[in-house]
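Asker:
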Amino acid sequence: MSSLGALAEERKKRLAQLKGLKRKQDTEAEDSVREPDTTTVNETAERGIRLSGRNFDVEERVPKMGFTHAPNEDQETIETRADEIVEAAKAQQAEEEAAEKPIDLFNLQPKKPNWDLKRDVEKKLERLKPRTKDAIAKLVRERINSAKVGKEGGEDQAANSAMEGKLAELVKEREKERDEDDEEMA
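With the working numbering as the guide, the letters of the sequence shown map in order to residues 1081 to 1266.
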């Protein structure tokens, strides 16, 4: 058994030596690779030589990080043509399904019986809107004039508040009429 232990120890020593040699070779190789790169970059910078290459952007003086556009961007490929065909087939299938689908009678809702009356009355109301605006403007002007006269003549605030009350009543009355008209149309 001692011979087996001795053999195992010798094997471990040889493995350790091999690992040490590999480490030395790796560091030497890395140093040799790094040194020429740094010297060539320094030398090219000193000489003013312009570098060019597939993955180096000369204008920006940095490595290219990706494609600005795909190489087959302008060309029609099989994949793009297949995608177009698939989209066309899907659209056609959707149209066919819509044509084959029967009308669902339970979800159909008729128009309200007075929809045509509403349409006709809307035309008449369009003619009345300018008149309504003029009437409101007239009331506002009268109120402003009475307020001016009240200040000039020395009338008390009661007259002004009465005028405001009348204006408010007229506006409410107009709104009631409008609501009644809407209810009649509905």
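Glycine included, each C-beta is placed from N, C-alpha and C at the ideal position.
Glu1222 to Glu1255, Cα distance in whole Å?
Answerer: Whole-angstrom Cα-Cα distance: 20 Å.
Asker: If I follow the unbroken alpha helix (DSSP H) through Lys1192, where does it start and stop?
Answerer: Unbroken run through Lys1192: none, as it is neither H nor E.
Asker: Between which two residues does the alpha helix (DSSP H) containing Thr1160 stretch?
Answerer: Unbroken alpha helix (DSSP H) run through Thr1160: Ile1158 to Glu1180.
Asker: Using the C-alpha atoms, what's the distance from Asn1152 back to Lys1099?
Answerer: The straight-line gap from Cα to Cα measures roughly 49 Å.
Asker: In chain order, what residues of the same chain lie with their CB nearer than 8 Å to the CB of Asp1137, ignoring the 5 residues before and after it?
Answerer: Pro1143 and Lys1144, listed in sequence order.
Asker: Taking just the CA atoms, how far does Val1251 sit from Ala1217?
Answerer: Spanning the two alpha carbons is a distance of roughly 12 Å.
Asker: Using three-state DSSP, classify Leu1098 as helix, strand or coil.
Answerer: Helix.
Asker: Could you tell me whether the Cβ atoms of Leu1208 and Leu1247 are closer together than 8 Å?
Answerer: No.
Asker: Please report the distance separating the alpha-carbon of Asp1194 from that of Glu1263.
Answerer: Looking at the sequence itself, residue 1194 is Asn, so the reference to Asp does not match. Roughly 11 Å separates the two Cα atoms.
Asker: Assign Gln1155 to one of three DSSP states: helix, strand, or coil.
Answerer: In the structure shown, Gln1155 sits in coil (DSSP, three-state: anything other than H, G, I, E or B).
Asker: Is Asn1187 helix, strand or coil by DSSP?
Answerer: The answer is coil: DSSP assigns Asn1187 none of H, G, I, E or B.
Asker: Hey, would you say the C-beta of Asn1135 is under 7 Å away from at least one heavy atom of the ligand ZN?
Answerer: Annotation note on the ligand ZN: not contained in the displayed structure, which lists no ligands.
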